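Asks: Numbering (my numbering), first residue to last: 16 to 386.
The structure's right below; bear with me while I get my questions together.
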Amino acid sequence: GMPSALDKRFAPLRIPRCAGVLLAVHLLSHPLGAEDPEFSPSMDRPSHLTVQLDNDLFSGSDRDYTNGVRIALLSPLKARELNPVQNLLVRFHNSLTRIGAASGMVGEDRGELRLDWGTGLTQLMYTPSDYDAAVPPPGERPFAGWLGLEWSLHVHNRDSMSSLTFILGLTGPNSLARQAQEFVHEYISQSPVFSGWDSQVPEEYTINLQLDRRLRIRWLEQMTENTLLEMDGYAEWGVALGNLRTEAHTGLLVRLGYNLPLAYLTPRVQLGTYASPLRRERTVATGDWSWCLFVGTRGTAVAHDITMDGPVFRDYAYTVESKPFVAEGILGIGIRYSRWQLAVARTLRTEEFEGQGRNHEYGSVMLGVAF
């Protein structure tokens, strides 16, 4: 029969069934063998604690994605044996690495496997632009807040990394977005308080599963092998499934600087993203000081976003229709002294929903420490 509207909506994210079946058979039938790198519970890598803040006041506006705050911890996995979930992710990572090596996307020097675990606490906040509106005006984002916890597992070697993140959260009054915004506006920025939070996206518990993949771009490093400045970067892709967001994305990030830190620390708030050690064979950056400029881009195919399309299991009157494709660019600078890192960035994002009629811009700041 004719495809439904829901079928069309999810078409950009659909993977051929035969490919999924073949991958599942491969993962279950191909054990971790001699041709795969062995897992090493290395004790020599530090943990990373990061605090991140997004706010569009940094770019002179107060609308759409208006604030995000996140605290995240990444630590090396020191277990000597892997549990079934960890072992399955290792097999999945090795399968993708073999495919990447065969296609030339990933180098052959894969090295020992290292595993990290991560956890994060995040709050996201969205508003229209009209302070006085009791409900969002036509063509404006609805009021929405989200508060959530995430747990993640990361498998990486010298050339690639695979991450699996499980996210639990909720929208509505208990996300505390209204209280957080009113506190900041009244006591810190002395800005007007929004009147329409009673119309926010109602309470719904969210469950999301997210898979992310990063690939080291070696030729960037080769361009600056014998120079004072270094260059590196990674390409990425990922998928997210759940009633918070269902999407697929791809992108890249490039850094240029002096004595580049081993960990890529992206200042903006992104679920599932941690201080990922994916580069070089050395275990620590030499010297006390590092600095870098970085630029990145990402394209996302969106099937569902609860902050725009509304809850899956409840009715909501003020939804907007999220656009199926969104692009964004990021530009920033980071510095490191000893164990501490500070980074600031600016993100420009294309229209996220039908009728928005404008791009959105916001700033980010991040403070991190290795220990």
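Where a beta carbon is used, it is the ideal one built from N, C-alpha and C, also for glycine.
This one's a predicted model, so the numbers in the text were calculated from it and none came from an experiment.
(1) For the candidate residues 243, 238, 313, 235, whose alpha-carbon lies nearest to that of residue 264?
(2) Which two residues bound the contiguous alpha helix (DSSP H) that contains residue 199?
(3) Where does residue 225 sit, in a helix, a strand or coil, going by DSSP?
(4) To the nearest angstrom, how far is it from the Cα of residue 357 to the Cα of residue 76?
(5) Can you tell me the Cβ-Cβ gap for residue 307 and residue 346, rounded? I've got them flagged as a contact below 8 Å.
(6) Could you check how far apart the C-beta atoms of residue 260 and residue 330 are, in whole angstroms? I think they sit under 8 Å.
(7) Residues bridged to residue 91 by DSSP?
(8) CB-CB under 6 Å to residue 204, same chain, minus the five flanking residues each way: which ones, in chain order?
(9) Does residue 249 pass the burial test, meaning 16 or more other C-beta atoms within 10 Å, or should it be called exposed?
(10) Who pairs with residue 65 in a beta bridge, going by DSSP?
(11) Would you decide whether residue 237 is buried or exposed? Buried here means 16 or more other CB atoms lie within 10 Å of its CB.
(12) Compare the C-alpha of residue 164 against each of 185, 158, 150, 145 and name the closest.
(13) Please identify the residue among 141, 240, 113, 168 whose C-alpha is closest to the C-alpha of residue 287.
(14) Going by beta carbon distance, what residues of the same chain come within less than 6 Å of residue 197, once the five residues before and after it are set aside?
(15) Identify whether residue 172 lies in helix, strand or coil by the three-state DSSP scheme.
(16) Roughly how many whole angstroms lie between the Cα atoms of residue 88 and residue 64?
(17) Do residue 317 and residue 262 have their beta-carbon atoms positioned less than 9 Å apart in this structure?
(18) Tell me whether residue 373 sits in a helix, a strand or coil according to DSSP, three-state version.
(19) In angstroms, rounded to a whole number, what distance separates the CA positions of residue 195 and residue 183?
Replies: Put simply:
(1) The count along the sequence shown starts at 1 and reaches residue 264 at position 249. The candidate whose alpha carbon is nearest that of residue 264 is 313.
(2) Counting from 1 along the sequence shown, the entry for residue 199 is found at position 184. Here the alpha helix (DSSP H) through residue 199 covers 192-202.
(3) Against the sequence shown, residue 225 aligns to sequence position 210. In the displayed model, residue 225 falls within a strand according to three-state DSSP.
(4) On the sequence shown, position 342 is the one that residue 357 refers to. On the sequence shown, position 61 is the one that residue 76 refers to. For residue 357 and residue 76, the distance between alpha carbons rounds to 24 Å.
(5) Locating residue 307 in the sequence shown gives position 292, counting from the first residue. Locating residue 346 in the sequence shown gives position 331, counting from the first residue. The C-beta distance from residue 307 to residue 346 rounds to 12 Å, too long to meet the 8 Å contact threshold.
(6) On the sequence shown, residue 260 is found 245 positions in, with the first residue counted as 1. On the sequence shown, residue 330 is found 315 positions in, with the first residue counted as 1. Going by Cβ atoms, the distance from residue 260 to residue 330 rounds to 20 Å, so no, they are not a contact pair.
(7) Within the sequence shown, the letter at position 76 stands for residue 91. DSSP links residue 91 through a beta bridge to 131.
(8) Here residue 204 corresponds to residue number 189 of the sequence shown, with the count starting at 1. In the same chain as residue 204, and ignoring 5 residues on each side of it, no C-beta atom comes closer than 6 Å to its own.
(9) Position 234 of the sequence shown, counting from 1, holds the residue named residue 249. Buried: at least 16 other Cβ atoms inside 10 Å.
(10) Counted from its first residue, the sequence shown places residue 65 at position 50. As a beta-bridge residue in DSSP terms, residue 65 pairs with 87, 383.
(11) Reading the sequence shown from its first residue, position 222 is the one you call residue 237. Exposed: under 16 other Cβ atoms inside 10 Å.
(12) Locating residue 164 in the sequence shown gives position 149, counting from the first residue. Ranking 185, 158, 150, 145 by Cα distance to residue 164 puts 185 first.
(13) Residue mapping note: residue 287 aligns to position 272 of the sequence shown, counting from 1. Closest option to residue 287, Cα to Cα, is 168.
(14) Position 182 of the sequence shown, counting from 1, holds the residue named residue 197. Excluding residues within five positions, the ones whose Cβ falls inside 6 Å are 208.
(15) If you number the sequence shown from 1, residue 172 lands on position 157. In the displayed model, residue 172 falls within coil according to three-state DSSP, outside both helix and strand.
(16) As a first step, residue 88 must be located in the sequence shown, where it is residue number 73. As a first step, residue 64 must be located in the sequence shown, where it is residue number 49. Going from the Cα of residue 88 to the Cα of residue 64 covers about 5 Å.
(17) As a working note, residue 262 is residue 247 in the sequence shown. As a working note, residue 317 is residue 302 in the sequence shown. Against a cut-off of 9 Å, the Cβ pair of residue 317 and residue 262 comes out as a contact.
(18) In the sequence shown, residue 373 corresponds to position 358, counting from 1. The three-state reading of DSSP puts residue 373 in coil, since its state is none of H, G, I, E or B.
(19) Locating residue 195 in the sequence shown gives position 180, where the first residue counts as 1. Locating residue 183 in the sequence shown gives position 168, where the first residue counts as 1. So the alpha carbons of these two residues sit roughly 20 Å apart.
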